[in-house]
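In the numbering used here, the protein residues as written are 219 to 469.
First the structure, in the form of structure tokens, and then the observations on it.
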Amino acid sequence: IMLTPEPPRPPFHALVARLNFMLSTPPAWLRSALLALGIFLGLSGVWMLLPGLLSPRATGLPFDRASAEAAATHRSRAVLAAQIGAIRGDLWASAAFTGGLFTLTDRMANLDRTSSVQLAQARANAETALALAPINGAAWLFLAKLPATTPDDESRAGMLLEMSYFTAPSAPELAPWRLERVATSSALADKDIQAFVKSDLREILSSRPEFQQAIIAAYRNAWPQNQPIFESLVADVDPAVAKLLRPGEPK
């Protein structure tokens with residue numbers, strides 16, 4: 219039997235050199251893919267960083283006039299940050315909250331042309347925020363507190379408040395303002411809303427007693443037909459506080 223001699227093997231150092239050459243000079247398609255990946259990662263970093271730099275620090279829903287006026291000065295930056303962020307619902311909510319002054323005005327007031335345009339923009343920003351991130355309880359409350367521009371706006375208050383309760387059931391910072399809004403709407407006649415109201419009342423009286431005055435104010439500013447309902451809900455939670463609701467009651 220004749221044995222065929224094995225072909226000579228390349229020296230080990232030659233294999234290493236060939237491997238180094240292949241790694242140091244990748245194919246054109248691999249270079250293009252790595253370049254595209256690098257560009258994508260760079261743009262993603264800019265997309266994430268730039269809105270944070272532009273967006274104002276105080277991005278929550280303002281509940282007093284001073285905070286609302288301060289937020290309004292950052293409207294342009296907040297809207298630009300939201301436009302760059304595009305799909306980030308939190309940025310659109312921040313842009314909407316710069317229109318917080320509208321939540322402190324008479325909901326049935328007649329607005330001038332400029333204010334009407336700004337109100338429509340604030341409403342659109344909030345609706346965009348909720349389309350992208352529907353779990354924002356403050357944004358639902360914001361919409362509920364905006365002035366009505368059509369007959370349907372006021373009729374939607376119950377649904378908006380219910381969504382605020384569903385998405386932020388335990389939110390003591392929202393509770394006083396939800397009580398104020400529900401007391402001036404037909405939503406208080408709804409049994410589900412009443413259960414949510416009692417939850418807010420318990421939240422305030424157990425963990426935020428400094429908001430007790432907000433309960434009294436909500437009752438006194440409530441629609442006349444809502445006052446007996448509101449009083450009974452407070453009495454169910456804390457009879458002592460219910461005695462403070464009527465003007466002239468001993469404190």
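A virtual CB, placed ideally from N, CA and C, is assigned to each residue, including glycine.
- Sixteen is the threshold: since fewer than 16 other Cβ atoms of the shown chains lie within 10 Å of the Cβ of Lys409, the residue is exposed.
- Excluding five sequence positions before and after Val459, the CB atoms of its chain that fall closer than 7 angstroms to its own CB belong to Leu423, Gln430, Ile433 and Val452, given in chain order.
- Judged by DSSP in its simplified three-state form, Met377 adopts helix.
- If you ignore the 5 residues before and after Leu419, its C-beta comes within less than 7 angstroms of the C-beta of Ile433, Leu451, Val452 and Val455, all in its own chain and listed in chain order.
- The beta carbon of Lys416 lies closer than 8 angstroms to those of Leu451, Asp454 and Val455 in the same chain, with the five residues before and after it left out.
- In the three-state reduction of the DSSP assignment, Phe281 falls in the coil class, being assigned neither a helical nor a strand state.
- Cβ-Cβ distances below 6 angstroms link Ala344 to Ala314, Ala357, Phe360 and Leu361 in the same chain, with the five nearest sequence neighbours on each side left out; the list follows chain order.
- Counted as a single uninterrupted DSSP element, the alpha helix (DSSP H) harbouring Gln301 occupies residues Arg293 to Gly303.
- With fewer than 16 other beta carbons inside 10 angstroms of its own, Arg438 counts as exposed.
- Annotation: Glu372 to Arg399 spans about 11 angstroms, alpha carbon to alpha carbon.
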